[in-house]
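Chains as they are written, first to last, in the working numbering: chain A, 151 to 806; chain B, 961 to 1049.
Cβ atoms here follow ideal geometry from the backbone N, Cα and C, with glycine treated the same way.
Written below as structure tokens is the structure these notes are about.
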Amino acid sequence: MCAIAGVLNLLGESVSPPRLMDMIAAVRHRGPDGTGIHVQGPMGLVHARLSIIDLAGGAQPIHNEDRSIWVILNGEIFNYLELRAELETKGHRFYTRSDTEVLVHLYEEHGRDFIHRLNGQFAIALWDDSARKLLLVRDRIGITPLYYHRSSSELVFGSEIKALLAGGVPARPNLRGIDQVFSWWAPLAPDTVFEDIQELPPGEWLEADQRGVRGGRYWDFDFPEPGDFTVAPESQLAEELRGLLHEAVRIRLRADVPVGAYLSGGLDSSIIACLVHQHADVRLCTFSIGFETEHLDEAPYQQAVVHDLGTRHARIECAGGTIADALADTIWHTEAPVLRTAPAPMRLLSGFARSNGFKVVLTGEGADEVFGGYDLFKEDKVRRFWATRPDSAFRPLLLRRLYPYLDINAQGQSYLQAFFGQGLDAPDSPWFSHLPRWSTTSQCKQFFSEDVSQALASEPPAEERLLQRLPNSFARWHPLNRAQYLESKLLLPGYLLSSQGDRMLMANAVEGRFPYLDHHVINFAAQLPPRLKLRVLTEKYLLKRALQGRLPKPVLSRHKQPYRAPDIAAFVKANPECLELMAPALVRDYGYFDARKVEHLMRKAMTGKAVGHRDNMAFIGILTTQIWHRRFIATPAHKQMLGDSDHVTKETRHVG
Amino acid sequence: MSAEPLVRQFLLNNYLFTDREDALGNDDSLLQKGIVDSTGMMELIAFLEDQFGIRIDDAEMVPENLDSVNNIVAFLNRKQTDRNVQTAG
Chain A
151 MCAIAGVLNL LGESVSPPRL MDMIAAVRHR GPDGTGIHVQ GPMGLVHARL
201 SIIDLAGGAQ PIHNEDRSIW VILNGEIFNY LELRAELETK GHRFYTRSDT
251 EVLVHLYEEH GRDFIHRLNG QFAIALWDDS ARKLLLVRDR IGITPLYYHR
301 SSSELVFGSE IKALLAGGVP ARPNLRGIDQ VFSWWAPLAP DTVFEDIQEL
351 PPGEWLEADQ RGVRGGRYWD FDFPEPGDFT VAPESQLAEE LRGLLHEAVR
401 IRLRADVPVG AYLSGGLDSS IIACLVHQHA DVRLCTFSIG FETEHLDEAP
451 YQQAVVHDLG TRHARIECAG GTIADALADT IWHTEAPVLR TAPAPMRLLS
501 GFARSNGFKV VLTGEGADEV FGGYDLFKED KVRRFWATRP DSAFRPLLLR
551 RLYPYLDINA QGQSYLQAFF GQGLDAPDSP WFSHLPRWST TSQCKQFFSE
601 DVSQALASEP PAEERLLQRL PNSFARWHPL NRAQYLESKL LLPGYLLSSQ
651 GDRMLMANAV EGRFPYLDHH VINFAAQLPP RLKLRVLTEK YLLKRALQGR
701 LPKPVLSRHK QPYRAPDIAA FVKANPECLE LMAPALVRDY GYFDARKVEH
751 LMRKAMTGKA VGHRDNMAFI GILTTQIWHR RFIATPAHKQ MLGDSDHVTK
801 ETRHVG
Chain B
961 MSAEPLVRQF LLNNYLFTDR EDALGNDDSL LQKGIVDSTG MMELIAFLED
1011 QFGIRIDDAE MVPENLDSVN NIVAFLNRKQ TDRNVQTAG
């Protein structure tokens, strides 16, 4: 990964190079190894490089043979070797060994359709000088970020929002985006928590020239119509899946620097570690997080895999106080409020991997969405079964099977039923699977101030925006596929791959690679019959079957444990400086929340009495909104801290 | 002293985070309105046991006893009566 930024003046006026350099300076943490700029009249591209492939010669921007096409890339094109061989046979001449260079030649061959040939994670800005046209493209899943601001006179874009702010785009809060955080955990692209700053949605492109700006979707998750699922023996499908995963891992090991792996101890990252181990010709290095809270720590499972594969393993211990202290800088990188502290340890982990000499790690992110791993999918199945006989006393008892680790007595059963019983009367709702989660999250909105609640009341409901973005065939899909789609469009790109993924990795200039999110793997899995994902209530059935015998048994058979970090508990003893932002005067001043209610919550939290999910989400959501406002809105752009300042730029290159 | 104001104050301060009395009706369902979740219920039970010196058995942890201010107050009164009967006996 790297950082890109740029400006296209739609009125034909020249772009200022110092402005572009300011923009890239704001995101230099993503690319500390070099800077390159290309300015051509009304258009400027700038790039900060994290060198991973072709260390000596891969500086960007990169151009084609006659310098009529220029490109900057944040990310990786994993199938670049195959594409390059094909392009060379067609007579294209390359001047670097980098993956980026295939883009300009592919564009020459196919125009905008070149996107379909790419296997990778990418945010691309390509300038076609003959057509005087700028093309922005984002990868299919949303691994690599890309933001833009459009005014009547220009299009400004960058890998992170802070690049846009440094380029003069005003920082104003977007209440609709904040409302989405408190509904779905993250804004839904193109919305962000900043007014007039959009995120290019995953799988979409944007084209701009003197005639205007237009966009479109080139890829989406596509599930079969009922009855059209793949028909084949399980053993054959397991074999096919194993082959696809091997290939996804193999091409993700392409790098001119060492590649490591994150190991949570869960099934998904353990499988990746196992596959990397089979491909790598050197001993694999794995990295894990440890928590002092026993029920959050996964050490025994991590150790089982380390022992089994003989990896060189390093573990960073994250005490509650460390997490509390790390939160404020973490929000500088997420650029949005979050409802959990979980991103903070991920930032510490990437710093730890980097200090061990690693710029690239493979992770297990995406398997739950692609192969049906989340408890939410099981809840949906039980709730649908229950909804056909809402008065049944027996059917909701299945809920107990979902949470074997909860001590469910009579009251627990009543409350589980009340929680999961939501929406039983609306099984056709597109959100049926997500109603319990969304309603719990939305309860945090009781803390919104009167002004914010009133302003939001005049907006259309958040679900309406989501409805507009659903594919036409959505309503005909199997319920599991519908739930998978919602997870893959909301939480995955909005939170897991960004706030907990790219941003935390790139805060320390570490690139994450995600084999489960290879689009060949995704397309294969999408066609599988739902029973091969969720077999009765066993999650990721085919994935487990495909890897049977290759992983330690305890890892293969363990009940899924979601990755969690201590939330309020991290703050009770630590009392970090950022808690000052919860003071009534500042809460009133920033205006998002009801100061009196926040006072009650603070009292409850600091006396150790706030233990429920809702209180924890509300506390972290309010605190991180306050931090976010202080860092981005209340502080003028030129005084904002520009991330980590200890990276040294080794090369600055000016082209054109 | 009646249990009602204490129970109301606890629910208002700890689940609705407000001092506004009109935020909670005495017959409002704590479950249906999403005021209390399952962990919140554990907090409520701990509060009732501490505040009123009672012990709540598993079998008593049902919505009929705990799902609204009125249900809770009636439940506390029954517990109190039971205790008085036992003491008298």
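According to DSSP, residue pairing for Leu356/A in a beta bridge involves Leu286/A and Gly365/A. Look at Phe769/A here: in three-state DSSP terms it is helix. Within the segment 464 to 544 of chain A, complete beta strand (DSSP E) segments of at least 3 residues are found at 510 to 512, given in chain order. For the segment 751 to 768 of chain A, residues whose beta-carbon sits nearer than 9 Å to a beta-carbon of chain B comprise Leu751, Arg753, Lys754, Lys759, Ala760, Val761, Gly762, His763, Arg764, Asp765 and Ala768.
One Cα belongs to Leu195/A, the other to Ala398/A, and the distance between them is close to 31 Å. Proximity of the segment 638 to 650 of chain A to the segment 285 to 293 of chain A meets the contact definition, three or more beta-carbon pairs being nearer than 8 Å. In the three-state reduction of the DSSP assignment, Phe307/A falls in the strand class. Contact between Thr591/A and Leu489/A holds: CB atoms are separated by about 7 Å, below the 8 Å threshold. Looking at the backbone, the Cα of Val748/A and that of Leu434/A are separated by about 47 Å. Between the C-alpha atoms of Gly651/A and Arg217/A there is a straight-line separation of about 35 Å. Here Ala503/A really is in contact with Gly410/A; their C-beta atoms are around 6 Å apart, less than 8 Å. Scanning the segment 434 to 464 of chain A from its first residue to its last, the whole beta strand (DSSP E) runs of 3-plus residues come out as 435 to 441. Annotated three-state conformation of Glu226/A is strand, per DSSP.
Nearest neighbour of Leu413/A by Cα position, chosen from Val407/A, Ala405/A, Cys424/A and Leu403/A, turns out to be Cys424/A. Under the three-state reduction of DSSP output, Met151/A falls in the coil class, being neither helix nor strand. Residue burial is scored here from C-beta neighbours: Lys703/A has fewer than 16 other C-beta atoms within 10 angstroms and is therefore classed as exposed. Using beta-carbon distances, Phe1035/B does not count as an interface residue toward chain A, since no partner is under 9 Å. In the structure shown, His427/A adopts helical secondary structure according to DSSP, grouped into three states. A Cβ-Cβ contact shorter than 9 Å links Leu701/A with Ile421/A. Pro580/A is a Cβ neighbour of Phe624/A, given a cutoff of 9 Å. Contact between Ala633/A and Ser583/A holds, with the beta-carbon distance rounding to 4 Å and staying under 8 Å. Pro337/A and Gln348/A do not touch by the CB rule: their CB atoms are close to 10 Å apart, not below 8 Å.
Remark: C-beta atoms of Leu253/A and Phe244/A do not approach each other more closely than 9 Å. Taking the CA atoms as reference points, Ala784/A sits about 15 Å from Leu773/A. Inclusion of Pro629/A and Asp530/A in the CB contact set at 9 Å is warranted, their separation being smaller than that value.
Bounds of the beta strand (DSSP E) holding Arg663/A are Glu661 to Arg663. Distance from the Cα of Pro182/A is smallest, within the candidate group Met193/A, Pro611/A, Lys509/A and Arg746/A, for Lys509/A. When beta bridges are read from the DSSP output, Val189/A appears opposite Gly194/A. With respect to the 9 Å criterion, Thr246/A and Ile212/A are classified as neighbours on the basis of their beta carbons. Beta-carbon to beta-carbon, Ala273/A and Gly225/A are separated by about 6 Å, close enough to satisfy the 8 Å threshold.
Taking CB atoms only, Asp744/A has a neighbour in chain B less than 9 Å away. The segment 994 to 1002 of chain B makes contact with the segment 752 to 764 of chain A: 3 or more CB pairs, one atom from each, lie closer than 8 Å.
In terms of beta-carbon proximity, Pro1023/B lines the interface with chain A, with at least one pair separated by less than 9 Å. Restricting attention to alpha helix (DSSP H) runs no shorter than 4 residues, the segment 961 to 1006 of chain B encloses them at 963 to 974, ordered along the chain.
Here Asp278/A carries a strand assignment [DSSP, helix/strand/coil]. For Val409/A, no alpha helix (DSSP H) segment is defined; the enclosing uninterrupted segment is the beta strand (DSSP E) at Val409 to Tyr412.
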